[in-house]
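Heads up, the thing below is written out as structure tokens.
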Amino acid sequence: MNRVFGVRPDDWTTRRVIVATILIASVVILFGLMLQFGSVLFVLFLGLVLGMAVRPAVEWLHGRGLPRPLGVLTIYLVLLVSLILFLLLIAPLLIEQTREIVAALPSYYDSLRDALARSSSFPIRQISRRMPEKIEFGGVLSLDGADKVSGDKMSGDEMSMDPVGWTVSIAGTALRGLLVMLAVLLLGYYWTLEGHTLIRYGLLMLSADRRDEVRELVAGIESKVGGYIRAQAILSALMGVMTLVIYLALGLPYSLMLALMAAVGEVIPVIGPTLGTVPAIFLALSISFERALMVTVALFLINAVGNYLLVPRVMTRTVGVNPVVTLLALAAFGALFGFAGAVLAIPMAAIVQLILDYAIVDPDEEGATPAGRDRVS
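Below is the structure:
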């Protein structure tokens, strides 16, 4: 017999229906709160996710005699040093390659259009004919101080803003970003140290017969969400390194920038890996069809290695979210919070799915838990 949320239709008691209705209403209310107080809730969630991600490392250091507060600070120090090294060693090259890409975009566009026009395939030649002859890449994309932004492409506020105004605006944006980062780090710090205490206080408000189950649910959420963040960071780094090696071996220009795009795309569920590699394929196509074919085959092999070798090893025991839920979460959280929401769509959806599974599916009911899965997988 078909099941709904893993429960047979005949087993939908009045209590289950009420609980399911309350939970669905709570999710709707939560989305409403996100629309009103999205920034605050998102910063809070980022802090909790950071705490979940670093807790195993903190416990590992604690087991070797380092106090937990010092363990958290040590991890933060490692992250800070890594960021500084990135800014000193890699960021200047990225900026230079970005400037060169922006300057070369018109010529690459012309080369791509010409390559499509010379194709032996009629549909591809039709695509070339429908492409505009010229696209203005100047204006907002210009990074060269010698390039002037034309007045008709600037808003009134931009035209009236003097250098002091630009400086104040940039400083304000940087300060807001710094404060958000500081808030996330502090929330992660206190959740790592005091999270278990807060959970204990929350469990005291429940009946004694439900505390162990809820404690197991919270532990499952922390384990799977934290594991997902760590695994995703590892996968992103590995894919970035592999694509960089391939791009350099194939002589693709701006290899570092393109590899960074691939690494960033890896953290976006479903569509990210494809989006991260599209720029490299188009750039190779503007050089020659043969180069584009080589890049496409190489990227296909890299994705195959990632999907069938790296992902099963790195993602073991992390979140397992229904594909439909993944797509809905990606659309919803991406629309609400942009890129950051798309990155965190799966952890958010996993938390909702785990809570729904716990509240609606009776964990003690025979047959409710599929074979080979634990109660919070």
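To convert, count from 1 in the sequence shown and add 8; that's the working numbering.
All C-beta atoms in this analysis are idealised placements derived from N, C-alpha and C, irrespective of residue type, glycine included.
Consult DSSP for residue 214 and reduce its assignment to one of helix, strand or coil. coil
Under 8 Å between the Cβ atoms of residue 241 and residue 51? no
Please determine, among 291, 215, 355, the residue with the shortest C-alpha to C-alpha distance to residue 113. 291
Should the region 216–231 be regarded as contacting the region 93–110, the criterion being three or more beta carbon pairs within less than 8 Å? no
If you run the structure through DSSP and keep just helix, strand and coil, what is residue 356? helix
Quick check on DSSP: helix, strand or coil for residue 47? helix
Give me, in chain order, the residues of the same chain whose beta-carbon lies closer than 6 Å to that of residue 80; leave out the 5 immediate sequence neighbours on both sides. 66, 197, 200
Where do the N-terminal and C-terminal ends of the alpha helix (DSSP H) with residue 139 fall, by residue? It is not in any alpha helix (DSSP H) - residue 139 carries neither H nor E in the DSSP assignment.
Grab me the residues of residue 82's own chain with a C-beta within less than 8 Å of its C-beta, minus the 5 sequence neighbours each way, in chain order. 69, 74
Length of the line joining the Cα atoms of residue 61 and residue 139: 46 Å
Near residue 274, which residues of its chain fall below 7 Å by C-beta distance, leaving aside the five closest residues on each side in sequence? 243, 244, 247, 280, 281, 284
Spatially closest choice to residue 278 from 366, 33, 110, 350, by CA coordinates: 350
Taking Cβ to Cβ, would you say residue 310 is nearer than 8 Å to residue 300? no
Closest to residue 232 by C-alpha separation, out of 250, 47, 357, would be which residue? 357
Between 264, 354, 305, 258, which has its C-alpha nearest residue 239's C-alpha? 354
In this structure, how does DSSP classify residue 126 when only helix, strand and coil are distinguished? coil
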